[in-house]
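Data first, discussion second: the structure below is written as structure tokens.
In the UniProt record's numbering, the protein residues as written are 1 to 650.
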């Protein structure tokens, strides 16, 4: 082909479909000099690599079948070569040397090499496979005409495997980097289309972070065959995989925690997934704002957790207000427990750990009715408490909210008052002395036991998110209330309480027989059984979880009152209730001599006035409600109040 014809065709290249740019493709005319160029390159090893790379691209005319075959062969070589490099890079390790290799130091000067010897084994393999199914190329015809054999046949097959690259100029060095830095890491990583949204490599790592890293670092969940106390797995399987909105919310909270692990408040990844989740959530609420499904409710709860980590109580409160409205539209937590029991446990978990300023109302809605009614079976919950309002300027909605807060405060004070009376009754009740042959009684909650150390000594560790240790404080208070409510039920029904603590002790040993499990693991023991011992007769409505949630919300109002002394006082009162039952064997039919001695000591201290009531209820009521409680003389001047024990809203 003449130079003039070639130039003319190149000038027509933009309009000619037969002319294509192809990187590093040799035309038949240039194939004759391929062997001589390879030998010349091996002789000049000290030249710069950029000089050779400048000739790698040229425009070729592919009008005949032979040229097109060479283009396809070269493209396949480059594709397989790049696939091999990317696979090795993702593994992050070099290829293990085969048996029989010899280690030789690579000098700075290149060693002589047979002309045209291939540097990459994969190119040899591809070319050898191609040659078996295609006619001889122009390069092979040229070699036969010159009386030479192809350079690939100079060495036997076994020697070719053992060959090492000898010149750093001819062999590019691979850089082994982290998986998230691989160039093709943005490709889709869900080959079976099992995820509700397309997932790329960087987002695929968030799933592993959510299921493994996040629960083990944030809550110290231990995943083993002996226990199933990793709720993140169930959230992923039951909620995230079924809907794009909870799946996106899962990615948002995982990326938020991952940013905290890396020492950042936010990252581009966390903000991106958060905005996507909020956009999907707004679209879902606009479509159906009344009957929210499980995925939407979980997404709203997850957004509240993210804002809690961001220390933005106003946005967290907004999410909790929407969450309460959705739960009420679903029929309350009573219906949620029956229709979606796992989601109900997750919602209680989120409510236990929410910030004190983010709570809306005195508890999660128990029913969908207005006003809400508490569950039955708890004599310290009184839904018939009425309040006298001494002014009429407050809107009706705000008045109802204030009255609900007052009822919760009175229920809180009444619970401790009744539990103290039940303890006093059990302390003075007669019990038979156990026989001397009876095995000694095992105490499950005394200093030195696992349960006692878990509930009294909270370790400080890296959660991945800064300044979030208060979650463990809230969780510990919730566990203490679960035990206290169970003790209240034991005293009220005159049933032994030791089996309940023994069940807890066995469950803790199943979680981790060698070390103390985390406080969140103990909380999930209560959530899985709704606070009851397995096999215990109960209505299975989740009412005990609701009562604990109501008590914890009231306690959070006292968290920072008087520099935290009231919070510590409530925590110690709950611990003392359990310790007194264990030391005195209260509620047991038979007691040993040690328990009788402890009972006598307790009665003597009560008679001497050393062990009185815990606090002044009027002062505690003022701290809980942040209002001034009127004195009795002020109540007498108000007309229309027959019972002076009725709380007054002023």
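C-beta atoms are modelled at their ideal positions from N, C-alpha and C, and glycine is treated no differently.
Candidates the options, of which the one nearest residue i by Cα
i, options, result
"residue 356", "204, 490, 474, 208", "474"
"residue 254", "208, 192, 501", "208"
"residue 667", "269, 243, 277", "Absent from the structure is residue 667, since the part of the chain shown begins at 1 and ends at 650."
"residue 544", "263, 321, 377", "377"
"residue 526", "498, 496, 493, 485", "485"
"residue 464", "260, 536, 586, 569", "260"
"residue 275", "245, 257, 263", "245"
"residue 327", "369, 382, 316, 536", "369"
"residue 560", "470, 501, 601", "470"
"residue 612", "563, 602, 537", "602"
"residue 461", "202, 217, 68", "217"
"residue 350", "625, 311, 364", "364"
"residue 542", "553, 536, 529", "529"
"residue 272", "493, 288, 580, 249", "249"
"residue 578", "455, 319, 564", "455"
"residue 297", "379, 340, 618", "340"
"residue 551", "264, 570, 289, 565", "570"
"residue 439", "263, 593, 288, 63", "593"
"residue 239", "371, 346, 427", "346"
"residue 415", "427, 290, 488, 449", "488"
For residue j and residue i, believed in contact at Cβ under 8 Å, the rounded distance
i, j, result
"residue 294", "residue 241", "Between residue 241 and residue 294 the Cβ distance is about 12 Å, and since that is not below 8 Å, they are no contact."
"residue 431", "residue 591", "5 Å"
"residue 674", "residue 556", "The structure shown does not extend to residue 674, since the chain is modelled only from 1 through 650, so no value can be given for it."
"residue 437", "residue 491", "That belief does not hold up - the Cβ atoms of residue 437 and residue 491 are roughly 29 Å apart, past 8 Å."
"residue 334", "residue 366", "6 Å"
"residue 598", "residue 583", "5 Å"
"residue 534", "residue 503", "7 Å"
"residue 478", "residue 523", "6 Å"
"residue 549", "residue 219", "Residue 549 to residue 219, Cβ: 19 Å. No contact."
"residue 221", "residue 521", "6 Å"
"residue 482", "residue 531", "5 Å"
"residue 624", "residue 354", "17 Å between Cβ atoms; not a contact."
"residue 499", "residue 508", "Rounded, the Cβ-Cβ distance is 15 Å, inconsistent with contact."
Assigned secondary structure, residue i (DSSP; H/G/I helix, E/B strand, else coil)
i, result
"residue 432", "strand"
"residue 456", "helix"
"residue 440", "coil"
"residue 461", "coil"
"residue 481", "helix"
"residue 380", "coil"
"residue 446", "coil"
"residue 367", "coil"
"residue 503", "helix"
"residue 50", "Summary for residue 50: the model assigns pLDDT 46, below 50, so the residue's position carries little reliability; its value from the coordinates is reported in the next sentence. Note: residue 50 maps to helix in three-state DSSP."
"residue 30", "Low per-residue confidence applies at residue 30: pLDDT is 45, beneath 50, and the placement is therefore not dependable, though the value from the model is reported in the following sentence. Three-state DSSP puts residue 30 in coil, outside helix and strand."
"residue 297", "helix"
"residue 258", "helix"
"residue 322", "helix"
"residue 277", "helix"
"residue 265", "coil"
"residue 424", "helix"
"residue 418", "helix"
"residue 131", "Here the model assigns residue 131 a pLDDT of 44, short of 50, so the residue's position is not dependable and the matter cannot be decided."
"residue 67", "helix"
"residue 304", "helix"
"residue 78", "helix"
Beta-carbon spacing of residue i, residue j below 8 Å
i, j, result
"residue 232", "residue 247", "no"
"residue 575", "residue 480", "yes"
"residue 281", "residue 304", "no"
"residue 511", "residue 476", "no"
"residue 206", "residue 278", "no"
"residue 324", "residue 269", "no"
"residue 501", "residue 451", "yes"
"residue 413", "residue 621", "yes"
"residue 614", "residue 547", "no"
"residue 666", "residue 306", "With the chain covering only 1 through 650, there is no way to say anything about residue 666."
"residue 595", "residue 606", "no"
"residue 338", "residue 292", "no"
"residue 662", "residue 318", "The structure shown does not extend to residue 662, since the chain is modelled only from 1 through 650, so no value can be given for it."
"residue 404", "residue 381", "no"
"residue 379", "residue 418", "yes"
Output the residue ranges of the alpha helix (DSSP H) runs that lie fully inside the segment 190-256 and measure 4 residues or longer, sorted by chain position. Within the segment 190-256, the runs of alpha helix (DSSP H) at least 4 residues long that lie entirely inside it are, in chain order, 201-208, 214-218, 231-234.
Identify every run of the beta strand (DSSP E) within the segment 524-612, keeping only runs that are complete inside it and at least 3 residues long; order them along the chain. Taken in chain order, the whole beta strand (DSSP E) runs of length 3 or more contained in the segment 524-612 number zero.
Any chance you could list the beta strand (DSSP E) runs of at least 3 consecutive residues sitting entirely within the segment 330-361, in chain order? Counting only runs of at least 3 residues, the segment 330-361 fully encloses no beta strand (DSSP E) element at all.
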